[in-house]
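Position in the sequence shown counted from 1, then plus 46, gives you the numbering used here. C-beta: ideal position from N, C-alpha, C; glycine also. Only one structure is covered here, and it is reproduced in the block below.
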Amino acid sequence: MRVSHYITDNKTSQYPTDFIFFDTETTPTVSVNGDIDQPFKLGVGLYWRRRDDQPSDTLEYIKFTDIGKFWDWVIAHTLAKRKLILVAHNIQFDFMVLGGFSYLRLKGFELTKLITNGKTNIFTYRRDKQTILCLDNMNYFVTSI
47 MRVSHYITDN KTSQYPTDFI FFDTETTPTV SVNGDIDQPF KLGVGLYWRR
97 RDDQPSDTLE YIKFTDIGKF WDWVIAHTLA KRKLILVAHN IQFDFMVLGG
147 FSYLRLKGFE LTKLITNGKT NIFTYRRDKQ TILCLDNMNY FVTSI
């Protein structure tokens, strides 16, 4: 027989506060051998910070045609001790189009988690006390847009 016990309260409770939602567009071209190339054309992003300390949340939009500008914007929103959550529909495609794996490594971020299993995609990057968690919204909503 089990001994009954009380469940203690959590010492802290955290929920995500910093998000970037983004999407890219490409201009597909077919080479003579039939391969399809998808060069970057443009992208959009939305930074959303949930605020308990203010009457309204922080929203910041970006339209970009320069990949470096996007990653500089992402890194500017990656603050110490606050996890930034990067979300895209089919993040694997958008991340590859934007050269995310290479760019973040060049900026000193280390890939600490990589889960790719069908439509499930989760990547975590860390640099010192900064964390970027990359999530595919198809992890939760398996549908086309």
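Out of Gln84, Thr58, Ile121, the CA that lies nearest to the CA of Ile178 is found in Ile121. If you draw a 10 Å sphere on the C-beta of Asp112, you find fewer than 16 other C-beta atoms in it, and that means exposed. DSSP, read as helix, strand or coil, puts Gln84 in coil. By the neighbour-count criterion, in which 16 or more other beta carbons inside 10 Å mark a residue as buried, Asp103 falls on the exposed side. Residue burial is scored here from C-beta neighbours: Ile82 has fewer than 16 other C-beta atoms within 10 angstroms and is therefore classed as exposed.
The shortest C-alpha to C-alpha distance from Gly89 to any of Gly114, Tyr149, Ser148 is the one to Gly114.
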